[in-house]
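Data block below; observations after.
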Amino acid sequence: MSLRRPPNQLIHYCHQGPGGRKGPPICWAFTASAAAEPIGSIFKWLRKSTGVIPCAIMSDCALAIKKGVNLAYEDLGRQAPHIYWCLFHVLKAFRNRARDFLKDESPAAIEEFWQIVYDLQDPEGKMHLFYDKWSPINKDFGNYAQTQWHTNILHWATPHQGIHTNNYTKAWHRILKSHFIVNCEGRRRIDEVVQIMVDQVHTSYVMTQLQVEEGLKSQRPNKFQSLAKAKAKGYTPTILELLGIVVTPIEAGVSNILIALVLHIN
């Protein structure tokens, strides 16, 4: 199948799960910063064709996606979908820009930003103090902190997000890369990825669904969560450091050792 479309569209494929009206995302295409209008068009099409209005949308911290979502649901006011930004992408983007602007002073700014992200009392107040401190040191960095992060704090500060995270989506992405999209040097073309989805992922998913519907296999809603949890050990020290997490051994009893993840907040 061939589709004529602008090069900077966001394409997002989903597959409906067995026995429900929701399913995992199975394919992504990256989008340029100028893609707000085509993204908005896709969400408008989904809304018009299905009538479904999502409660929340998880994305990276690209402003184009935020603008596209707002274009599609701006008439709903407070009933519009909440937009949550992936914390991993937020911290990665902030770290890279801080290093560009502040050089040797960037570790201090990154540490303070961690404090704001995980603050449970007043993240917005701390963001004000952060802006006031770093703007005199580097004006461009201050403007970046104001326009990218302070203005959009509702999308990324964890107290505002509550329990809404993208762990489920990220875990699915990891399974796709480790189980289906393997032995690949560099990035695959999007048409190759879609072909894998059609030939392999879809077939596997439909087979499971048919087995559940025919009673040959019991539906286990926690099966994927268990697999995702097992996959968590694949996170590298670099990823854990970026998220502000340290692994601490804690003695439990005489011979049992519990490995705990502790937020790196000093």
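Be aware that the sequence shown starts at 0, since it is given in numbering that gives the first Met the number 0, and climbs by one per residue. The beta carbon of each residue, even a glycine, is placed where N, CA and C say it ideally should be.
Go ahead and label residue i buried or exposed: buried means 16 or more other beta carbons lie within 10 angstroms of its beta carbon, across all protein chains shown.
i, result
"Gly-67", "buried"
"Leu-119", "exposed"
"Met-206", "exposed"
"Leu-122", "According to the sequence shown, residue 122 is Pro rather than Leu. Buried, since its Cβ has 16 or more Cβ neighbours within 10 Å."
"Val-51", "exposed"
"Val-197", "exposed"
"Thr-150", "exposed"
"Thr-157", "buried"
"Leu-175", "buried"
"Thr-181", "Just to set this straight, residue 181 is Val in the shown sequence, not Thr. The residue in question, Val-181, is exposed, as its Cβ has fewer than 16 Cβ neighbours within 10 Å."
"Leu-9", "Per-residue confidence for Leu-9 stands at a pLDDT of 37, beneath the threshold of 50, marking its modelled position as unreliable; the derived number appears in the next sentence. Under this definition Leu-9 is a buried residue."
"Gly-124", "exposed"
"Pro-37", "buried"
"Glu-212", "exposed"
"Gly-214", "exposed"
"Arg-186", "exposed"
Assuming residue i and residue j make a contact with CB atoms under 8 angstroms, what is their CB distance in whole Å?
i, j, result
"Phe-129", "Ala-144", "7 angstroms"
"Phe-179", "Gln-199", "5 angstroms"
"Ile-152", "Met-126", "6 angstroms"
"Lys-46", "Ala-79", "The sequence as given places Arg at residue 46; Lys does not occur at that position. Actually they do not touch by this definition, with Cβ atoms about 11 angstroms apart."
Nearest by alpha-carbon distance to residue i: which of the options is it?
i, options, result
"Leu-76", "Glu-110, Ser-177, Leu-175, Cys-54", "As written in the sequence, residue 76 is Gly, which differs from the Leu given in the question. The option with the nearest alpha carbon to Gly-76 is Cys-54."
"His-154", "Met-57, Gly-39, Ile-52, Phe-42", "Met-57"
"Lys-43", "Asp-74, Asp-59, Ile-115", "Asp-74"
"Leu-239", "His-149, Arg-188, Trp-113", "Trp-113"
"Asn-142", "Ala-79, Arg-96, Trp-84, Ile-115", "Arg-96"
"Phe-93", "Ser-177, Gln-147, Asn-69", "Gln-147"
"Ser-60", "Asn-69, Thr-49, Trp-84", "The amino acid at residue 60 is misidentified as Ser; the sequence shows Cys. Out of Asn-69, Thr-49, Trp-84, Trp-84 has the C-alpha closest to the C-alpha of Cys-60."
"Ile-115", "Phe-140, Ser-177, His-159, His-81", "His-159"
"Ala-35", "Thr-49, Asn-69, Tyr-117", "Asn-69"
Could you tell me whether the stretch 92 to 102 touches the stretch 131 to 141, where touching means 3 or more Cβ pairs closer than 8 angstroms?
The stretch 92 to 102, when compared against the stretch 131 to 141, does touch it at the 8 angstroms Cβ threshold.
The stretch 62 to 76 / the stretch 85 to 99 touching (three or more Cβ pairs under 8 angstroms)
Contact annotation: the stretch 62 to 76 does not touch the stretch 85 to 99, with fewer than three C-beta pairs closer than 8 angstroms.
Contiguous beta strand (DSSP E) assignments of at least 3 residues, all confined to the stretch 76 to 156
Runs found: 81 to 84.
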